[in-house]
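The sequence shown lines up with residues 6 to 278 when you count with the numbering used here.
Written out below as structure tokens is the structure these notes cover.
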Amino acid sequence: VTRSDAVIGLGGGATTDLAGFLAATMLRGISYLSIPTTVLGMADAAVGGKTGINLPEGKNLVGAFYEPRGVLCDLDLLDTLPDKEIRSGLGEILKAGFIADPHILDLAEQDPSKLLDTGSDEFADALTRAIGIKAEVVSADLRENSTTGVGREALNYGHTLGHAIEKAEGYTWPHGYAVSVGMVFAAEVACRLGLIGPDVVARHRTVLESVGLPVSYAGAPWETIRATMSVDKKARGSHLRLVLLDGIGRVRVVKDVDEEILRRSFMAVGGAQ
Ligand SMILES: NC(=O)c1ccc[n+]([C@@H]2O[C@H](COP(=O)([O-])OP(=O)(O)OC[C@H]3O[C@@H](n4cnc5c(N)ncnc54)[C@H](O)[C@@H]3O)[C@@H](O)[C@H]2O)c1
Ligand SMILES: [Zn+2]
């Protein structure tokens, strides 16, 4: 491999993250082209310049910020993708809807089967919108250190509980499934804080359930889940920062939410004591 060569990552997010990290470190950085083959890879992993690999101690502990020269999303590649993986990717696409683009939610409400069909115009529309939202957010805040406004942290909507569920389940839950439950949890918290009404919480459940995403979790007990939430890498120090909505498309970060509200919200998504 010489400086004039390039690495091409063709595969799901795990593959493109590894390929991007290799490209970032070989000869201190050679060209990288990303060709994601999963919905999650297209909507999330291929945008934003983060690459990384896991260590036995935890996910994404080694990595680099590295931009690909280009990203090619060929929707025909999704023909062989199992439904479960399509749904997982839709979790991230619908997240983009909740934090920034209600039109994506409208698409799910009009006909969820269209969103599950990766050959439909509606799917292409929702995916394109989700990619655009992520690209916009990360280009404004590339290294996750925004001091003004919410910045890249907005993309973490549903991820604080989501990551805790993934860890508790030994990473056997698809990422988007865990994020789906996490978004309902965040909506329950926001409702209890008076930021949104029960109608918005209900909209979370309806939209996510319509594409077959889970909206409840009854695995590990609250104590275990809560402990993991505090050590989430995005927790910043010892403060728990939750990304919440104060309306569809309006994100805010709330620090140190009352413990009883957190616990009750976990119960509201079916959580165990
Ligand atoms: N860099 C980032 O910003 C970022 C963002 C989100 C996720 N990620 C990473 O992405 C990974 C998750 O990505 P993922 O959901 O794509 O999972 P994945 O890469 O594990 O792929 C999911 C499964 O689908 C299979 N697969 C991939 N493409 C296929 C196709 N076209 N047809 C049939 N099967 C196919 C894979 O072999 C695998 O079994 C995680 O490692 C996560 O850390 C990174
Ligand atoms: Zn995610």
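Backbone N, C-alpha and C fix where the C-beta goes; we use that ideal spot for every residue, glycine too.
As the structure is a prediction and not an experimental result, all values here were calculated from the model.
Between Pro-203 and the set Leu-213, Ala-192, Ala-29, the nearest pair of CA atoms involves Ala-192. For His-180 and Arg-33, the gap between their C-alpha atoms comes out near 31 angstroms. Short of 7 angstroms from the beta carbon of Lys-89, and not among the five residues preceding or following it, lie these beta carbons of its own chain, in chain order: Pro-179.
In this chain, the alpha helix (DSSP H) harbouring Gly-167 covers 164 to 173. No Cβ-Cβ contact shorter than 7 angstroms links Phe-70 with Gly-46.
Distance from the CA of Gly-96 to the CA of Gly-156, rounded to the nearest whole angstrom, comes to 20 angstroms.
Inclusion of Gly-163 and Gly-187 in the CB contact set at 7 angstroms is warranted, their separation being smaller than that value. Cβ contact annotation for Ala-28 (same chain, cutoff 6 angstroms, sequence separation greater than five): Val-12, Ile-35, Tyr-37, in chain order. In this structure, the alpha-carbon of Gly-16 lies about 37 angstroms from that of Ala-273. Here DSSP, grouped into helix, strand and coil, assigns Pro-226 to strand.
In the three-state scheme derived from DSSP, where H, G and I count as helix and E and B as strand, Ile-58 is classed as strand. Comparing alpha-carbon positions, the option among Thr-43, Thr-7, Thr-233 lying closest to Ala-19 turns out to be Thr-43.
Ranked by how close their Cα comes to the Cα of Lys-119, the residues Asp-49, Pro-73, Gly-217 have Gly-217 in first place.
Look at Gly-137: its beta carbon is at least 6 angstroms from all of the heavy atoms in ligand 1.
Within its own chain, the residues whose Cβ lies closer than 6 angstroms to the Cβ of Pro-41, once the five positions on either side in sequence are excluded, are Thr-21, Met-47, Ala-51, listed in chain order.
Contact check for Pro-117 against Ser-215 passes: the beta carbons are separated by less than 7 angstroms. Spatial neighbours of Pro-219 in its own chain (CB-CB distance under 7 angstroms, excluding positions within 5 residues in sequence) are listed in chain order as Tyr-182, Ser-185, Val-186.
When rounded, the separation of the alpha-carbon atoms in Gly-199 and Gly-57 is 38 angstroms.
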